[in-house]
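Asker:
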Amino acid sequence: MIQITNLYKSFGKNVILNNIHLSFERGKIYGIVGENGAGKTTLFKCIAGIETYKGEITSIYGILKEKLGFLQTESFFFSKITGREYLQLLCVARKIQENDFDAKNIFDLPLDHYATTYSTGMKKKLALTAILLQKNEFYILDEPFNGVDIQSNMIITEILHELKRLNKTVLISSHIFSTLSDTCDEIIVLKNGEITKIITKENFSTLEKEMKEFSMIDKISKLKLC
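Here's what the structure looks like:
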């Protein structure tokens, strides 16, 4: 279990996250939704220990970052590292003995090419494969479906179901509501750095309707298209 208590983050006078209280249980998938700038990525970075913050984040895993796989929107790759070397590097970081990367290359990536030559979608699939090979207990996936082909999206969806079956904890953001609806147990709505509601699965359809009415009907009407 991961517990977040009174999390607060600001950059100067600009408050990004305010009074965040959340708990994440094992064997559950949690979705985070919110407009651009709502604070989703900053929240992820605070949990991952990349950003400093006020408040408290505790877990049953002790040092959380040692059991955490964080898929960022744009992962960093050294200029002269191949896909295979990247996988090996992240496995070594977790003291995982893995040599048969070809057998586990489920996205058919060109592992002997430099990772920086990969397309956006290929980079995302490489980074995802790497954190999965680390055998983490907690996963944060920031927009894992963006820039990825349809077949790979289907594979990622099934990976999420498998992680749930394996009793892992997953926190995921996506602008594609159907992917969250298909995989999540709860959806957390973040607005202006604060949690406005937490929706359970039986109420996902209501949330989707509310989001469509707000983001589509209201905003498009403002354009006054003729």
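For the sequence shown, numbering that gives the first Met the number 0 gives the first residue as 0, with consecutive numbering after it.
Beta carbons are placed, not taken as given, at the ideal position from N, Cα and C, and that holds for glycine.
Taking 8 Å as the limit between beta carbons, can you name the residues of its chain near Y52, skipping five residues before and five after?
Answerer: Within the same chain, Y52 has close Cβ partners L6, Y7, K8, L16 and C45.
Asker: So, at 6 Å on beta carbons, what are the nonlocal neighbours of R93 in its own chain, with the 5 sequence-adjacent residues on each side left out?
Answerer: Counting only Cβ-Cβ distances below 6 Å, and skipping sequence neighbours, we find Q133.
Asker: Per DSSP, Y29 is paired with what?
Answerer: Answer by DSSP bridge pairing, in chain order: L170 and E185.
Asker: Taking the alpha helix (DSSP H) that F43 belongs to, which residues open and close that run?
Answerer: That run of the alpha helix (DSSP H) goes K39 to A47.
Asker: Are V32 and G192 close, meaning C-beta to C-beta below 8 Å?
Answerer: The answer is no: Cβ separation not under 8 Å.
Asker: Near N135, what residues of its chain come up, given a Cβ to Cβ distance below 7 Å and the 5 sequence neighbours on each side ignored?
Answerer: Cβ neighbours of N135 beyond the five flanking positions: K66, L67 and G68.
Asker: Could you pull the start and end residues of the beta strand (DSSP E) that N13 belongs to?
Answerer: That run of the beta strand (DSSP E) goes N13 to F23.
Asker: What's the C-alpha gap between S257 and I194?
Answerer: Nothing can be reported for residue 257, as the shown portion of the chain is limited to 0 through 225.
Asker: When the distance is taken between beta carbons, is K123 closer than 8 Å to A114?
Answerer: Result no, Cβ atoms of A114 and K123 do not sit closer than 8 Å.
Asker: Is it the case that the stretch 97 to 115 contacts the stretch 175 to 188, given that we only count it when at least three CB pairs across the two stretches are under 8 Å?
Answerer: Taking 8 Å as the limit for Cβ pairs, the verdict is that the stretch 97 to 115 does not touch the stretch 175 to 188.
Asker: Quick check on the DSSP output: what are the complete beta strand (DSSP E) runs of length 3 or more inside the stretch 41 to 115, in order along the chain?
Answerer: Runs found: 53 to 58 and 67 to 70.
Asker: DSSP on L140, reduced to helix/strand/coil?
Answerer: DSSP places L140 in strand when its eight states are reduced to three.
Asker: Quick check on Q87: buried or exposed, where buried means 16 or more other Cβ atoms within 10 Å of its Cβ?
Answerer: With 16 or more other Cβ atoms within 10 Å, it is buried.
Asker: What is the C-beta distance between I1 and S78, in whole angstroms, given that I count them as a contact (C-beta under 8 Å)?
Answerer: Contact flag wrong, Cβ pair sits at about 34 Å.
Asker: Would you please state the rounded distance, in angstroms, between the beta carbons of I62 and L89? I believe it to be under 8 Å.
Answerer: Not a contact, Cβ separation roughly 17 Å.
Asker: Only counting the same chain, and skipping five residues up and downstream in sequence, which positions put a Cβ closer than 8 Å to that of T81?
Answerer: Only L110, D111, H112, Y113 and A114 meet the Cβ criterion.
Asker: Around the C-beta of I139, are 16 or more other C-beta atoms found within 10 angstroms, so that it is buried, or is it exposed?
Answerer: Its Cβ being crowded by 16 or more others within 10 Å, I139 is buried.
Asker: According to the Cβ coordinates, are I198 and Y29 closer than 8 Å?
Answerer: Not a contact, by the Cβ cut-off of 8 Å.
Asker: Please identify the residue among T40, K12, T4 and F76 whose C-alpha is closest to the C-alpha of T116.
Answerer: The candidate whose alpha carbon is nearest that of T116 is F76.
Asker: From what residue to what residue does the beta strand (DSSP E) around K123 run?
Answerer: Not the beta strand (DSSP E): K123 falls in the alpha helix (DSSP H), residues T119 to L132.
Asker: Using CA atoms only, rank isn't needed, just tell me which of E73, F144 and S151 is closest to N235.
Answerer: What the structure shows of the chain is the stretch from 0 to 225, and residue 235 is not part of that stretch, so it cannot be assessed.
Asker: Would you list the one or two residues that DSSP bridges to E193?
Answerer: Beta-bridge pairing links E193 to K190.
Asker: Select from L206, L125 and K27 the residue whose C-alpha is nearest the C-alpha of C183.
Answerer: Answer by Cα proximity: K27.
Asker: Where do the ends of the alpha helix (DSSP H) carrying I175 lie?
Answerer: Here I175 belongs to no alpha helix (DSSP H), and DSSP marks it neither H nor E.
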